[in-house]
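This report concerns only the one structure given below.
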Amino acid sequence: AQSVTQPDIHITVSEGASLELRCNYSYGATPYLFWYVQSPGQGLQLLLKYFSGDTLVQGIKGFEAEFKRSQSSFNLRKPSVHWSDAAEYFCAVGAKGGYQKVTFGTGTKLQVIP
Amino acid sequence: DTGVSQDPRHKITKRGQNVTFRCDPISEHNRLYWYRQTLGQGPEFLTYFQNEAQLEKSRLLSDRFSAERPKGSFSTLEIQRTEQGDSAMYLCASSSPGTAYYNEQFFGPGTRLTVL
Numbered sequence: 001a002q003s004v005t006q007p008d009i010h011i012t013v014s015e016g017a018s019l020e021l022r023c024n025y026s027y028g029a030t031p032y033l034f035w036y037v038q039s040p041g042q043g044l045q046l047l048l049k050y051f052s053g054d055t056l057v058q059g060i061k062g063f064e065a066e067f068k069r070s071q072s073s074f075n076l077r078k079p080s081v082h083w084s085d086a087a088e089y090f091c092a093v094g095a096k097g098g099y100q101k102v103t104f105g106t107g108t109k110l111q112v113i114p
Numbered sequence: 001d002t003g004v005s006q007d008p009r010h011k012i013t014k015r016g017q018n019v020t021f022r023c024d025p026i027s028e029h030n031r032l033y034w035y036r037q038t039l040g041q042g043p044e045f046l047t048y049f050q051n052e053a054q055l056e057k058s059r060l061l062s063d064r065f066s067a068e069r070p071k072g073s074f075s076t077l078e079i080q081r082t083e084q085g086d087s088a089m090y091l092c093a094s095s096s097p098g099t100a101y102y103n104e105q106f107f108g109p110g111t112r113l114t115v116l
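Protein chains in written order, with the working numbering: chain A, 1 to 114; chain B, 1 to 116.
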């Protein structure tokens, strides 16, 4: 069964500092991997996705993520955080085939301090 | 393209009452998903429709829950005899038909249910 672990429930960073959010997945083959962001009162917005190919994936809002098969990880990074990045971030793994079930992690809440 | 819409956005009900939520997917999307998100958790899959057929249901979907998509367009999720444990955000997502790679799921804003 596919699963996702986000070990950090809550992270606080200063505005302008770099950010890395951790994600580890479990899946029997090469997975589809996603990072979503959810702001209060908003739906989930896709930041970026990995299907295959280049292991460094660029997304919207200046985010990037790196797929490391050997570590079963897909960490999200941003070089300089803005106050508007404060939100909850979810890593997810998608199954290939069938109805392409997506399994989400428990999320990491990002707080940005001035 | 106006995105996935859900109605209502908030629902407060008393324990034991029935509630119904509606989801309108992106117009050309034939796949529709329902998820439930409780506080401090990520969304959990509930059920999946392809056109009007309900093809997959999670064990989370107890007998009190029923979902329909009668004409393959909008969908409804009904919860009968609500319990306080049903309090959650109910998210709907849709994706386009296709067989190549992964068909991205687009999420609606959700319906927040509070059961008193």
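Every residue, glycine too, gets a C-beta built ideally from N, C-alpha and C.
- Taking a beta-carbon distance threshold of 7 Å, Phe21/B does not count as an interface residue toward chain A.
- Around the beta carbon of Gln37/B, a 10 Å sphere encloses 16 or more other beta carbons of the protein chains shown; the residue is thus reported as buried.
- A Cβ-Cβ distance of about 7 Å is found for the pair Thr76/B and Ala67/B, placing them in contact under the 8 Å criterion.
- For Phe104/A, the residues of chain B that pass the 9 Å Cβ criterion are Tyr35, Gln37, Gln41, Gly42, Pro43, Glu44, Phe45, in the order they occur in the chain.
- Counting only Cβ-Cβ distances below 7 Å, Gly110/B has contacts in chain A at Gly43, in chain order.
- For Cys23/A, there is no enclosing beta strand (DSSP E), as DSSP marks it with neither H nor E.
- Taking 7 Å as the CB threshold, Gly28/A stays off the interface with chain B.
- Ser3/A sits in a strand when the DSSP states are folded into three classes.
- In the three-state DSSP reduction, Asp54/A falls in the coil class, being neither helix nor strand.
- For Pro79/A, the closest C-alpha among the options Ala95/A, Ser73/A, Phe67/A, Gly59/A is that of Gly59/A.
- Close CB contacts of Arg64/B within its chain, under the 7 Å cut and outside five residues either way in sequence, are with Ile79, Gln80, Arg81 (chain order).
- Secondary structure note for Trp83/A: it is in no beta strand (DSSP E), with a DSSP letter that is neither H nor E.
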